[in-house]
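In this note's numbering, the protein residues as written are 38 to 477.
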């Protein structure tokens with residue numbers, strides 16, 4: 038069978054060129070490009086599906102075998118692994134926000150659940166959407182947000198607490214902070230603000246941010262931690278210290294409420310208290326903010342407690358802290374989208390390092406779709422949006438889901454056209470449509 042040339046769709050070849058240095062020859066690099074295209078075309082990280090549907094490999098003999106050899110690091114002429122992919126992803130993501138005066142970085146964890154798996158290497162334990170323990174792996178991911186609303190993927194790591202050499206989850210977070218800060222500083226970003234949810238308020242993490250000279254907004258999990266109101270004052274619980282502050286402001290806001298793992302926004306009234314506190318035995322100054330919701334869902338008893346390096350007085354600054362934390366929730370759909378549209382949790386690879394490499398490639402594919410979202414006026418992206426079912430609207434450009442769906446449909450049409458040519462030298466337009474959509 039004659040091997041067909043790959044189809045160039047809206048700059049994928051140009052997007053993956055920075056990864057060329059990881060490969061010792063063109064054939065290996067072509068296989069890598071085909072793997073990324075396969076994730077985009079199939080919406081899956083199953084190697085068999087990737088090999089079948091990508092235009093570059095779907096018509097090539099032994100395509101699946103080539104992909105498996107690639108992700109299992111069985112080629113001596115390639116440096117492809119999860120770490121090298123993440124390093125290049127950081128560089129690309131940072132370049133997209135180069136020179137910005139301020140960048141907000143949403144750093145958050147997301148579980149890769151494998152509830153029916155038993156034999157995957159170093160299989161860990163995570164929680165499903167109902168809070169039950171299931172087999173799976175942990176991931177840590179970062180997205181950069183600019184003042185004009187642009188989004189850029191900055192970091193990804195899949196890890197297991199049961200893998201050899203694993204130190205601690207704090208060590209994973211500290212390394213991520215260091216790498217992200219370095220990448221953004223190298224491209225001239227002036228101010229970096231990290232926004233994190235509960236579980237990232239460990240004292241070591243707070244101290245590392247001070248050394249890195251970055252700002253932060255964190256929702257506190259350890260509300261019983263001992264703090265001081267003065268550097269030499271007495272220790273008291275964080276929650277008790279905040280109750281000593283008067284209610285500085287009462288306002289209405291839209292608050293995210295989780296329903297079956299997905300946030301829905303609910304209007305609510307909030308009461309705000311602010312307090313300057315000292316942690317680490319009076320050595321580290323932090324501003325604390327507590328939002329009390331008089332009407333709250335069942336199970337949410339304490340409201341929100343936020344820790345920040347930003348000033349919380351006067352009230353306008355405290356409002357900025359709340360808005361920054363809410364931006365974390367506004368990007369939560371990105372993690373959900375990468376899981377579903379690109380098939381994170383469909384990955385079926387026994388070897389842990391191969392699994393990490395494949396999931397990192399899925400993040401690379403997601404980063405490419407992000408770049409397409411910034412070029413919606415180009416003819417290629419307009420075509421993808423049309424194929425994805427976008428309805429033209431001057432104030433509502435096509436989103437990531439629409440663009441990805443359009444690309445998958447285009448790849449399906451290409452493969453249908455190609456396979457039709459194998460059986461008929463000059464197929465009619467109706468024949469192609471019939472094979473793609475069924476008899477009309």
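Cβ atoms here follow ideal geometry from the backbone N, Cα and C, with glycine treated the same way.
Own chain residues within Cβ distance below 8 angstroms of residue 49, not counting five before or after: 70, 73, 74, 77, 405
Please name the residue or residues paired with residue 280 in a DSSP beta bridge. Bridge partners of residue 280: none, in fact.
Residue interval of the alpha helix (DSSP H) (run including residue 69): 63–79
Please list, in chain order, all residues of the same chain as residue 394 whose beta carbon is under 8 angstroms from its beta carbon, the five residues on each side excluded. 108, 110, 117, 118, 119, 122
Cα-Cα separation, residue 303 to residue 364: 15 angstroms
Can you say whether residue 55 is buried or exposed, counting buried as having 16 or more other CB atoms within 10 angstroms of its CB? exposed
Identified DSSP bridge partners for residue 142: 181, 231
Excluding the 5 residues flanking residue 388 on each side, which residues of the same chain have their C-beta closer than 7 angstroms to its C-beta? 109, 158
Under the three-state DSSP convention, the category residue 214 falls into: helix
Going along the chain, which residues of its own chain have a beta-carbon closer than 6 angstroms to the beta-carbon of residue 137, five neighbours each way excluded? 183, 226
In angstroms, rounded to a whole number, what distance separates the CA positions of residue 173 and residue 105? 21 angstroms
Taking 9 angstroms as the threshold (C-beta atoms), are residue 178 and residue 144 in contact? yes
Looking at C-beta atoms only, is the number of pairs between the segment 233–252 and the segment 266–282 that lie closer than 8 angstroms three or more? no
Since residue 244 and residue 317 are thought to touch, with beta carbons under 8 angstroms apart, how far apart are those beta carbons, to the nearest angstrom? 7 angstroms
May I ask you to report which of helix, strand or coil DSSP gives residue 355? helix
From residue 307 to residue 314, what does the alpha carbon distance come to, in whole angstroms? 22 angstroms
Own chain, CB closer than 8 angstroms to residue 126, minus 5 neighbours either side, in chain order: 190, 191, 192, 193, 397, 400, 401, 404
Note the first and the last residue of the continuous alpha helix (DSSP H) segment covering residue 373. 369–378
Excluding sequence positions up to five away, which residues of its chain have a Cβ less than 7 angstroms from the Cβ of residue 242? 207, 210, 211
Endpoints, the alpha helix (DSSP H) within which residue 132 is located: 119–132
DSSP three-state label for residue 291, please. strand
Applying the 10 Å Cβ sphere with the 16-neighbour rule, what's the burial state of residue 250? exposed
Look up residue 300 in the DSSP assignment and say whether it is helix, strand or coil. strand
Just the C-alpha distance for residue 355 and residue 65, rounded to the nearest angstrom, thanks. 52 angstroms
Distance CB(residue 325)-CB(residue 343) smaller than 9 angstroms: yes
Rounded distance between the beta-carbons of residue 165 and residue 199, thought under 8 angstroms: Residue 199 to residue 165, Cβ: 18 angstroms. No contact.
Hey, could you find the ends of the alpha helix (DSSP H) residue 266 is sitting in? Careful: residue 266 lies outside any alpha helix (DSSP H) and carries neither H nor E.
Do residue 283 and residue 265 come within 9 angstroms of each other at the CB atom, strictly closer than that value? no
Check whether residue 142 and residue 100 have beta carbons under 9 angstroms apart: no
Please state the DSSP three-state secondary structure of residue 384. coil
What is the DSSP secondary structure of residue 111, counted as helix, strand or coil? coil
At what residues does the alpha helix (DSSP H) containing residue 252 begin and finish? Looking at the DSSP string, residue 252 is not in any alpha helix (DSSP H); the run it does join, the beta strand (DSSP E), is 252–256.
Using beta-carbon positions only, say whether residue 328 and residue 359 come within less than 9 angstroms of one another. yes
Could you work out which residue in 281, 280, 262, 285 is closest to residue 274 when comparing CA atoms only? 262
How far does the beta strand (DSSP E) with residue 188 in it reach, from first residue to last? 188–196
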